[in-house]
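Engineer: In the numbering used here, the protein residues as written are 830 to 1301.
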């Protein structure tokens, strides 16, 4: 299932200097269930009100949120605070800790549980049949709340994983095989038609030809709110908000609404400044999707290594007709492809500076793990049942957030050589975890590392740090 972009059909000869990018973007991140509407709306640089409209929060709300979170999130215990290349987590032990907290602590989970022991990626999945357990592991460290109210690693700045997102991945894995997991931002057909009619009028206005920016308010009103479509996961989940935010942020950088915080990633508008105008009903869309190497596994399929950068940016040119119907052409604009390649190349660095992209990669890792466990019946092989974590009807509730439904358009302008055209940019996020697990290979050494990773420093704990052999 693909996220589709939407672009208006307009006259070939219009606004000499106008390129309109119809979306508004910001990142979202950590909040806590049951702690008030303020947390739900003003978090991580974005506000989503009770009607689902996404806007920027005001500075005062953001400052209050940041101060509040830093008071409430305690420093992790010593074993969790140390940066390590491999921290293993027992899913059986995690489940038992959750049950204990629900029974003894009135449902309030400790920070180390909510932030999955400081994990920042999942690279290992190991079946421990002797203890009826499945272990997951990857790089980890202690955490702090950064200036954008995101819980990140204390040394790397990469976001830590969240139990709430893992619950979504485990509970939606079966339907994800059929319907997929995705988000897309879609202008309405009515918006396309209104914009097309408006542009025909604007091309007659001498003032607009001289200064196209004066047309921005009219363009925004004509185009109207864009619709946010979410599939495969609960629309009011943190998981859904991260996907939405990652899509928005990507478009914001593409259309020069905000400068990327890493070197070597210009906007798409920068790349097209020297080009001539093109057909106004043909526009690129970009979307983020999974990007993994074939999974490495042991001969017996009891140990798995997840490899690859996790996320890539893709593009395709879409065409839209006068009625606002959109279809993919299967073609790629060379400059749109260049921008997608640069975004993919810079993704790791970007995830350190704009945490929502690290959060998105965390989601993709979790979905791959959930699909891997389901496809290979690892719960059955381990003799493990985790009803509180895997059952959608469990009394372990997901955090409830305001559902993102619409976003108001914004405009971005650039001079293009010899061209007169309007551009809208759309796209989305697709998590294709079931496609990832179709590709695996037996790799020598995976079984050895599996045995090594099961050596616990503290057998009574649900997590432990592992000192990997130098050869690994």
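From the three backbone atoms N, C-alpha and C, an ideal C-beta is built for every residue, glycine too.
Please read these numbers as outputs of a predicted model, since none were measured by experiment.
Give the DSSP-derived three-state secondary structure of residue 944 in the structure shown.
Structural biologist: coil
Engineer: Does DSSP classify residue 1294 as helix, strand or coil?
Structural biologist: strand
Engineer: From which residue to which residue does the beta strand (DSSP E) around residue 968 run?
Structural biologist: 962-969
Engineer: Taking DSSP as the reference, what is the three-state secondary structure of residue 848?
Structural biologist: Only weak support is given to the placement of residue 848: the predicted model assigns it a pLDDT of 37, under 50, and the question is left unresolved by the model.
Engineer: Comparing alpha-carbon positions, which option in 1225, 1296, 1137 and 1144 lies nearest residue 925?
Structural biologist: 1225
Engineer: In terms of alpha-carbon separation, which member of 953, 994, 973 and 996 lies closest to residue 985?
Structural biologist: Comparing alpha-carbon positions, the option among 953, 994, 973 and 996 lying closest to residue 985 turns out to be 973.
Engineer: Could you tell me whether the stretch 1205-1222 touches the stretch 950-958, where touching means 3 or more Cβ pairs closer than 8 Å?
Structural biologist: Yes, since at least three Cβ pairs between the stretch 1205-1222 and the stretch 950-958 fall closer than 8 Å, the two stretches touch.
Engineer: Grab the span of the alpha helix (DSSP H) containing residue 1049 for me, first residue to last.
Structural biologist: 1045-1052
Engineer: Could you check the C-alpha separation between residue 1045 and residue 1178 for me, to the nearest Å?
Structural biologist: 33 Å
Engineer: CB-CB under 6 Å to residue 1291, same chain, minus the five flanking residues each way: which ones, in chain order?
Structural biologist: 919, 922, 923 and 926
Engineer: Pick from 932, 937 and 965: whose alpha carbon is nearest that of residue 948?
Structural biologist: 965
Engineer: In terms of residue numbering, what span does the beta strand (DSSP E) encompassing residue 1270 cover?
Structural biologist: 1269-1271
Engineer: State the beta-bridge partners of residue 1060 as determined by DSSP.
Structural biologist: 1011
Engineer: Let me make sure I understand the geometry here. Which of 1175, 1013, 1231 and 904 has the alpha-carbon closest to that of residue 1116?
Structural biologist: 1013
Engineer: How would you write the range of the alpha helix (DSSP H) that residue 1190 sits in, first residue to last?
Structural biologist: 1184-1204
Engineer: Please classify residue 1234: does DSSP put it in a helix, a strand, or coil?
Structural biologist: coil
Engineer: Take every Cβ of the stretch 1016-1026, pair it with every Cβ of the stretch 1051-1058, and state whether three or more of those distances are shorter than 8 Å.
Structural biologist: Contact holds: three or more Cβ-Cβ distances are below 8 Å.
Engineer: Which two residues bound the contiguous beta strand (DSSP E) that contains residue 1126?
Structural biologist: 1124-1126 is the extent of the beta strand (DSSP E) around residue 1126.
Engineer: Would residue 1100 and residue 1164 qualify as a contact pair, given that the criterion is a beta-carbon distance under 7 Å?
Structural biologist: yes
Engineer: Hey, residue 1233 and residue 1118 are a contact pair by Cβ (cut 8 Å); roughly how many whole angstroms apart?
Structural biologist: Contact doesn't hold; Cβ gap of about 20 Å is too wide.
Engineer: Where residue 1279 and residue 1199 are concerned, what is the direct C-alpha to C-alpha distance, given to the nearest angstrom?
Structural biologist: One C-alpha to the other measures close to 19 Å.
Engineer: Counting only the same chain and skipping the five closest in sequence on each side, list residues whose C-beta sits under 7 Å from that of residue 1296.
Structural biologist: none
Engineer: Count the other CB atoms, across all protein chains shown, that sit within 10 Å of the CB of residue 877; report buried if there are 16 or more and exposed otherwise.
Structural biologist: Burial state of residue 877 is buried, judged by a 10 Å Cβ sphere holding 16 or more other Cβ atoms.
Engineer: By a C-beta neighbour count over all protein chains shown, 10 Å radius and 16 as the cutoff for buried, is residue 1102 buried or exposed?
Structural biologist: exposed
Engineer: When you compare the CB of residue 1202 with every CB in chain D, is at least one pair closer than 7 Å?
Structural biologist: Note that chain D does not occur in the displayed structure, where there is just one protein chain.
Engineer: Could you give the distance in angstroms between the alpha-carbon of residue 1182 and the alpha-carbon of residue 935?
Structural biologist: 36 Å
Engineer: Quick check on DSSP: helix, strand or coil for residue 980?
Structural biologist: Per DSSP, reduced to three states, the secondary structure at residue 980 is strand.
Engineer: So residue 1024 is in the alpha helix (DSSP H); what residue range does that whole segment cover?
Structural biologist: 1018-1031
Engineer: From this set, 891, 901 and 907, which residue's C-alpha is nearest residue 1293's C-alpha?
Structural biologist: Among 891, 901 and 907, the Cα nearest to that of residue 1293 belongs to 907.
Engineer: Please classify residue 1090 as buried or exposed, where buried requires at least 16 other C-beta atoms within 10 Å of its C-beta.
Structural biologist: exposed
Engineer: Return the CA-CA distance between residue 1190 and residue 1264, expressed in angstroms with no decimal places.
Structural biologist: 16 Å
Engineer: Pull up the distance between the alpha-carbon of residue 1094 and that of residue 1174, whole angstroms please.
Structural biologist: 9 Å
Engineer: Mark residue 1133 as exposed unless 16 or more other C-beta atoms lie within 10 angstroms of its C-beta, in which case mark it buried.
Structural biologist: Around the beta carbon of residue 1133, 16 or more other beta carbons sit within 10 angstroms, so the residue counts as buried.
Engineer: Give every residue of the same chain whose Cβ lies closer than 7 Å to the Cβ of residue 1064, excluding the five residues on either side of it in the sequence, and list them in chain order.
Structural biologist: 1232
Engineer: In the DSSP assignment, find the beta strand (DSSP E) that holds residue 911 and state where it starts and stops.
Structural biologist: Here residue 911 belongs to no beta strand (DSSP E), and DSSP marks it neither H nor E.
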